[in-house]
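Protein chains in written order, with the working numbering: chain A, 269 to 600; chain B, 269 to 600.
Backbone N, C-alpha and C define an ideal beta-carbon position, used for all residues, glycine too.
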């Protein structure tokens with residue numbers, strides 16, 4: 269491969285390959301190799317994470333690029349059992365961009381930061397000539413303080429079950445609909461974009477011992493489960509009928525020819541916890557808006573190591589593969 | 269102003285206005301208001317900084333976008349008397365970008381990180397369709413550990429003198445020449461792009477008590493001095509003839525119609541220290557490559573508060589203003 273393709277940014281197979289062959293090769297170090305949502309730094313007391321946002325369109329049902337930029341990075345912090353504290357905000361703006369839109373985006377960021385209890389402490393503003401960037405791209409990085417130690421995608425065992433906090437695929441489906449100009453405006457289809465720290469904090473405050481968490485962004489639930497199976501060297505068996513998917517998302521998937529499990533989410537996470545805590549964790553999660561479908565979707569086994577098996581309600585089994593190909597570019 | 273203009277990203281007057289009117293307005297908090305190169309976080313023990321890099325061309329005499337991305341952010345950490353430790357690396361790549369060039373850029377980043385003793389601990393890779401970004405943009409954010417406390421642009425008094433580590437304007441002049449395809453290839457004109465932590469560490473190790481430091485990037489020495497005069501509420505008197513500028517840079521400035529003091533630098537910093545330490549600090553600085561012109565360029569007074577006065581060798585005086593207008597877009 270001599271050129272970077274769109275598939276290299278999909279959150280799936282090609283994305284992993286690019287990261288391994290270029291970035292890990294040169295940056296190789298113990299912290300980076302952990303392959304978690306955030307890096308654990310400073311003697312294990314803090315986490316650090318970064319994300320760039322290139323979503324198109326900038327404004328969509330349920331959010332905008334600013335909300336996404338705060339949620340995306342704070343969620344990566346939260347997934348490590350850490351409280352988001354300090355954020356950086358670096359914007360690259362195309363010459364001629366509308367000042368009122370910029371104000372609206374930054375205002376949304378501020379509102380979303382408040383939900384995390386975090387603040388922007390440093391920033392950077394670049395303006396580039398027309399055509400050098402499409403409207404505006406935002407990078408946010410954040411530092412958070414670990415509240416519950418030892419949460420890691422490498423710790424999952426067959427004593428764990430895997431829960432999900434809500435129904436899947438809303439962000440991916442919403443962006444697709446917005447981009448294609450389809451008139452599917454419905455209160456039932458909007459991005460799930462949301463800050464997850466309040467939910468994580470509630471789980472920790474309830475005394476639930478979390479094994480691992482991951483927000484199922486690019487590559488969707490498929491990518492997250494496959495990463496977990498590989499990182500923890502376990503098999504994951506998903507009960508297909510238990511995965512909550514709303515009708516509107518199913519409809520978009522049929523149009524797209526995609527699986528909902530491969531669609532990006534921005535406020536949906538999977539949670540591995542000891543079987544004994546299942547009921548209590550679901551109760552905690554369901555108290556939050558949009559989480560009425562929180563449920564167990566999978567169990568963990570000591571066979572089919574590194575693989576995710578999808579079990580249908582008819583009893584048939586197939587592998588749920590890591591997504592590959594172009595998927596939807598500029599989803600986040 | 270209803271549209272964002274190129275001038276809004278110049279590191280000068282319009283840039284400050286945009287930051288104040290949009291970003292500070294919404295993000296307002298005590299840490300952000302300090303307006304330093306990096307934010308002091310975690311009870312004063314750490315600093316945090318971010319920068320996005322959009323330079324064109326990607327490769328230039330003395331460096332490339334990768335070297336710039338590591339130096340730029342690590343230097344912001346170093347300017348606070350802090351040791352760069354952890355870096356994030358987020359790239360936005362245009363579909364079709366050459367894989368060998370990407371490898372070269374990331375390899376350069378790795379080499380430059382080693383000079384800082386820092387490591388990349390987290391990252392993000394986005395690929396966007398052709399035309400959505402011009403080739404590649406890189407964001408780096410970093411966390412560093414404060415080694416010398418209380419370095420601040422607000423602490424400068426008339427007991428201080430202001431030194432510079434080397435001759436100015438090389439980065440800005442080099443990028444201009446590269447962009448215009450001018451044949452001025454000369455060993456004497458290349459970007460000053462360099463990691464400053466080793467120089468800062470040497471100053472601290474020599475027991476020099478640093479009042480303030482700033483790397484004179486976008487907006488050049490003019491912007492940095494004007495920011496200091498305002499933040500410390502002092503007057504700064506610059507001895508014009510003492511500012512080291514090489515002939516090649518003077519030549520480019522005549523072509524451009526720019527002042528060398530407004531040109532961007534990427535490995536050039538100003539240093540405010542007590543008068544008593546002047547000689548010793550210059551000795552320390554001159555031991556480093558490219559620093560043979562390290563010298564005092566200004567003294568601090570209690571009049572002309574908030575202003576920078578340029579004193580010529582003929583005894584005439586004029587204000588050195590904060591740069592404004594478009595300057596050179598995509599310089600870093």
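Item to check | residue 404 of chain B versus B:410, B:393 and B:414, residue with shortest Cα-Cα distance | outcome: With distances taken between Cα atoms, residue 404 of chain B lies closest to B:393.
Next on the checklist: When you compare the CB positions of residue 560 of chain A and residue 486 of chain A, do they come within less than 8 Å of one another, or not?
Outcome noted: Not a contact, by the Cβ cut-off of 8 Å.
Next on the checklist: Between residue 584 of chain B and chain A, is the shortest Cβ-Cβ distance under 8 Å, so that the two count as touching?
Outcome noted: With a threshold of 8 Å between beta carbons, residue 584 of chain B makes no contact with chain A.
Item to check | Three-state secondary structure (DSSP) of residue 428 of chain B | outcome: Strand.
Checklist entry - Is residue 361 of chain B closer than 8 Å to residue 332 of chain B when the C-beta atoms are compared? => result Not a contact, by the Cβ cut-off of 8 Å.
Item to check | Pairwise C-alpha distance: residue 353 of chain A and residue 469 of chain A | outcome: C-alpha of residue 469 of chain A to C-alpha of residue 353 of chain A: approximately 14 Å in a straight line.
Next on the checklist: Against residue 402 of chain A, what residues of chain B qualify as contacts under a CB-to-CB distance less than 8 Å, listed in chain order?
Outcome noted: Taking the beta carbon of residue 402 of chain A as reference, the chain B residues within 8 Å of it are 396, 399, 400 and 401, listed in sequence order.
Checklist entry - Taking only beta-carbon atoms, is residue 372 of chain B less than 8 Å away from chain A? => result No, residue 372 of chain B lies away from the interface with chain A (no Cβ there is under 8 Å from its Cβ).
Next on the checklist: So the candidates are A:295, A:276, A:467 and A:523; which of them puts its Cα closest to the Cα of residue 343 of chain A?
Outcome noted: Considering only alpha carbons, the answer is A:467.
Next on the checklist: If the criterion is Cβ atoms closer than 8 Å, does the pair residue 365 of chain B and residue 443 of chain B meet it?
Outcome noted: No, they are not a contact pair.
Item to check | Contact list for residue 389 of chain B against chain A, beta-carbon separation under 8 Å | outcome: 297, 299, 300, 307, 309 and 316, listed in chain order.
Checklist entry - What does residue 271 of chain B touch in chain A if you count any residue whose Cβ is under 9 Å from its own? => result Residues of chain A passing the Cβ test: 363, 364, 365, 366 and 367.
Checklist entry - Any idea what DSSP makes of residue 492 of chain B, helix, strand or coil? => result Helix at residue 492 of chain B.
Checklist entry - Comparing the C-beta of residue 418 of chain B with each C-beta of chain A, is any distance below 8 Å? => result For residue 418 of chain B, the closest Cβ of chain A is not nearer than 8 Å.
Next on the checklist: For residue 390 of chain A and residue 357 of chain A, what's the separation of their Cα atoms in angstroms?
Outcome noted: Cα to Cα, the separation comes out at about 7 Å.
Item to check | C-beta contact flag for residue 408 of chain B and residue 341 of chain B at 8 Å | outcome: Contact check for residue 408 of chain B against residue 341 of chain B passes: the beta carbons are separated by less than 8 Å.
Checklist entry - What residues from chain D crowd round residue 277 of chain B, counting only those whose CB sits closer than 8 Å? => result The structure shown contains no chain D; the protein chains it does contain are A and B.
Checklist entry - Does residue 290 of chain A come within less than 8 Å of chain B when only Cβ atoms are used? => result With 8 Å as the cut-off, residue 290 of chain A counts as an interface residue toward chain B.
Item to check | Simplified DSSP assignment, three categories, for residue 320 of chain B | outcome: Note: residue 320 of chain B maps to strand in three-state DSSP.
Item to check | Proximal residues of chain B, C-beta to C-beta of residue 478 of chain A below 8 Å | outcome: Simply none; closest approach about 20 Å.
Next on the checklist: Just to confirm my understanding: we take residue 398 of chain B, look at its own chain, exclude 5 residues before and 5 after, and list those with CB closer than 8 Å. What are they?
Outcome noted: Here residue 398 of chain B has 362, 363 and 364 as same chain residues with Cβ atoms under 8 Å from its own Cβ, once five neighbours each way along the sequence are excluded.
Item to check | Residues near residue 307 of chain A by beta carbon distance below 8 Å, same chain, minus five either side | outcome: Same-chain partners within the cutoff: 299, 300, 315, 316 and 317.
Checklist entry - What three-state label does DSSP hand residue 562 of chain A in the structure shown? => result Looking at residue 562 of chain A - three-state DSSP - the assignment turns out to be coil, as it is neither helix nor strand.
Checklist entry - Three or more beta-carbon pairs under 8 Å between the region 496-513 of chain B and the region 419-431 of chain B, yes or no? => result As far as the Cβ criterion goes, the region 496-513 of chain B touches the region 419-431 of chain B, which means the pair count is three or higher.
Next on the checklist: Within 10 Å of its beta-carbon, does residue 553 of chain B have 16 or more other beta-carbons around it, so buried, or fewer, so exposed?
Outcome noted: Around the beta carbon of residue 553 of chain B, a 10 Å sphere encloses 16 or more other beta carbons of the protein chains shown; the residue is thus reported as buried.
Item to check | Cα-Cα separation between residue 519 of chain B and residue 526 of chain B, rounded to whole angstroms | outcome: If you take the alpha carbons of residue 519 of chain B and residue 526 of chain B, they lie about 10 Å apart.
Checklist entry - Taking Cβ positions, are residue 269 of chain B and residue 377 of chain A nearer each other than 8 Å? => result For residue 269 of chain B and residue 377 of chain A, no; Cβs fall outside 8 Å.
Checklist entry - Does residue 348 of chain B come within less than 8 Å of chain A when only Cβ atoms are used? => result It does not; no Cβ of chain A falls within 8 Å.
Next on the checklist: I want to see whether chain B comes within less than 8 Å of residue 567 of chain A, judged by CB atoms only; does it?
Outcome noted: With 8 Å as the cut-off, residue 567 of chain A does not count as an interface residue toward chain B.
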